[in-house]
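In our numbering, the protein residues as written are 543 to 1028.
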């Protein structure tokens, strides 16, 4: 696993356009970044028309997949168009969500992202009727640390989210699990970054496409056209934008395919769910479902929520590191950074900036080395992973003692983003997310789960019906295996 390589510091050309020293090219068209994003990508994929004409059978999630996030102009322009359509009764007004997924191999720092967007001066702070300026500010404030893997940013109204996949596109795209409704190809020019336009990558995009998926790009280079055609896309060459001669739009229409199309978005007869267990897991799931408009019944066998293992007074967040950055490491890192962002948001601080300090900090986790051998092993692992110090760094015995507020025998690893959680407070907060949507029923032991048509029926030990719904989540620890008949 190669370490993630963040983008070098941002520079500007003689016209003031943000310039990539890595590829020797500007990030956006000098002829108008916002206009280019709308003309080439949003309208190139026909998004505004598709959102306004969306029928009831339209997927509940509309997914845009982008290669090359850069300064995020395509995303911010797409988000603005989405909100404008919503205000006119478009897709989101009928319960649809926008899921924007962008792959970026060399992410900028948050400061450079802010400098670049400021230089482009795309949105008026005084006239922010559709929240474009606010969204740009939110993007900068919540911009993640340059860590490989997936990073989620939500934008307040629960109809749109941004998932950033940091890493090389040739590795990231084949690992994605999604069905793209639209694809933006916006890497640096094929002559400067040929790997972003290679035939194997275009075929990987085809695996994430269904017949009718639309694609747009500013490039009309012959190798790009050939790679897309070989992958099953039907092309149309259009006049370019801002001085460019030509651009491409395409529709995925393969004559044959040797692999299955990505699965359609899951549909439900009603947006109702039952969660079994009102501990940390059950409360978190209930809150997540309620945020997306589901009615949730939470069944807890004990007399109150937060019993069993969740009854501990305090829990320490525990990040996991591995030399190969395995699944557990990536999962724990994603969860840790989400919780950190949540805490920063509650404190009114940008979520990307961990607290630092001397003495005993309010946030952070110190893991001491067991001995000199473990210290050497961990040093080699950190060098291999290349993670930023804001996430994890090695500290000496003296610094470890300073952080802990007491004399320690050796140094260790310092995780600045980790914190301590109070389970009772978390559970109460999650279950109180939407009182009209979450119905907590304590003293409700579930003895049996039965399937009846499209719904599940949950029965108590006397055979009485406790609740029913098309979706059931088992968050009841060890008893889940019995109840799920696993």
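For each residue, glycine too, the CB sits at the ideal point set by N, CA and C. Computed from a predicted model, the values in this text were never measured in an experiment.
Identify, in the order they occur along the chain, each residue of the same chain with its Cβ nearer than 6 Å to the Cβ of residue i, setting aside the five sequence neighbours on each side.
| i | result |
| --- | --- |
| residue 894 | Because residue 894 carries a pLDDT of 49, less than 50, the predicted location of this residue cannot be relied on, and the following value inherits that uncertainty. Contacts found: 652 and 685. |
| residue 836 | 813 and 815 |
| residue 802 | none |
| residue 675 | 665 and 667 |
| residue 966 | 848 |
Between which two residues does the alpha helix (DSSP H) carrying residue i extend?
| i | result |
| --- | --- |
| residue 548 | That residue, residue 548, is in no alpha helix (DSSP H); it is neither H nor E in DSSP. |
| residue 744 | 741 to 749 |
| residue 813 | Note, residue 813: premise wrong, no alpha helix (DSSP H); not H, not E. |
| residue 965 | 965 to 973 |
| residue 932 | First-last for residue 932: undefined, no H or E at that position. |
| residue 624 | 615 to 629 |
| residue 652 | 652 to 662 |
| residue 723 | Note, residue 723: premise wrong, no alpha helix (DSSP H); beta strand (DSSP E) at 722 to 727. |
| residue 778 | Unbroken run through residue 778 is the beta strand (DSSP E), 775 to 781; no alpha helix (DSSP H). |
Out of the options, which one is the CA nearest neighbour of residue i?
| i | options | result |
| --- | --- | --- |
| residue 689 | 696, 706, 603 and 677 | 706 |
| residue 687 | 961, 934 and 674 | 934 |
| residue 606 | 830, 562 and 723 | 723 |
| residue 1029 | 732, 807 and 886 | No statement about residue 1029 is possible, as the shown extent of the chain runs from 543 to 1028 and does not include it. |
| residue 575 | 693, 592 and 560 | 560 |
| residue 948 | 922, 784, 908 and 777 | 908 |
| residue 925 | 911, 864 and 631 | 864 |
| residue 932 | 921, 918, 916 and 879 | 879 |
| residue 951 | 913, 825, 709 and 824 | 913 |
| residue 753 | 737, 731, 736 and 725 | 725 |
Can you give me the start and stop residues for the beta strand (DSSP E) that residue i sits inside?
| i | result |
| --- | --- |
| residue 768 | Where residue 768 is concerned, there is no enclosing beta strand (DSSP E), although the alpha helix (DSSP H) it sits in stretches over 764 to 772. |
| residue 1014 | 1013 to 1016 |
| residue 563 | Element bounds for residue 563: n/a, residue is neither H nor E. |
| residue 956 | 954 to 957 |
| residue 608 | 603 to 609 |
Spatial neighbours of residue i within its chain, please: C-beta separation below 8 Å, excluding the five flanking residues on both sides.
| i | result |
| --- | --- |
| residue 1016 | 818, 819, 1022, 1025 and 1026 |
| residue 748 | 773, 774, 775, 794, 796 and 799 |
Beta-carbon within less than 7 Å of residue i's beta-carbon, same chain only, minus the 5 sequence neighbours each way: which residues are those?
| i | result |
| --- | --- |
| residue 899 | Below a pLDDT of 50, predicted positions are generally treated as unreliable, and residue 899, at 34, falls in that range; the measurement from the model is reported next regardless. Hits under 7 Å: none found. |
| residue 734 | 565, 566 and 567 |
| residue 678 | 618, 659 and 665 |
| residue 810 | 1012 and 1013 |
Mind reading off the beta-carbon distance from residue i to residue j? Whole number of angstroms is fine, and I expect it under 8 Å.
| i | j | result |
| --- | --- | --- |
| residue 761 | residue 790 | 7 Å |
| residue 763 | residue 740 | Not really, about 12 Å apart at Cβ, beyond 8 Å. |
| residue 830 | residue 840 | With a Cβ gap of about 12 Å, residue 830 and residue 840 do not count as contacting. |
Would the beta-carbon of residue i be found less than 8 Å away from any heavy atom of the ligand COA?
| i | result |
| --- | --- |
| residue 649 | Absent from the structure shown: the ligand COA. Ligands present: none. |
Do we get a CB-CB distance below 9 Å when we pair residue i with the residues of chain B?
| i | result |
| --- | --- |
| residue 636 | Note that chain B does not occur in the displayed structure, where there is just one protein chain. |
Hey, is the region 656 to 674 in contact with the region 711 to 727, meaning 3+ C-beta pairs nearer than 8 Å? no
For the region 663 to 672 and the region 614 to 625, state whether three or more C-beta atom pairs, one from each stretch, are separated by less than 8 Å. yes
Should the region 988 to 995 be regarded as contacting the region 965 to 972, the criterion being three or more beta carbon pairs within less than 8 Å? no
Do three or more CB pairs link the region 863 to 883 to the region 974 to 986 at distances below 8 Å? no
Does the count of Cβ pairs from the region 937 to 957 and the region 826 to 840 closer than 8 Å reach three? no
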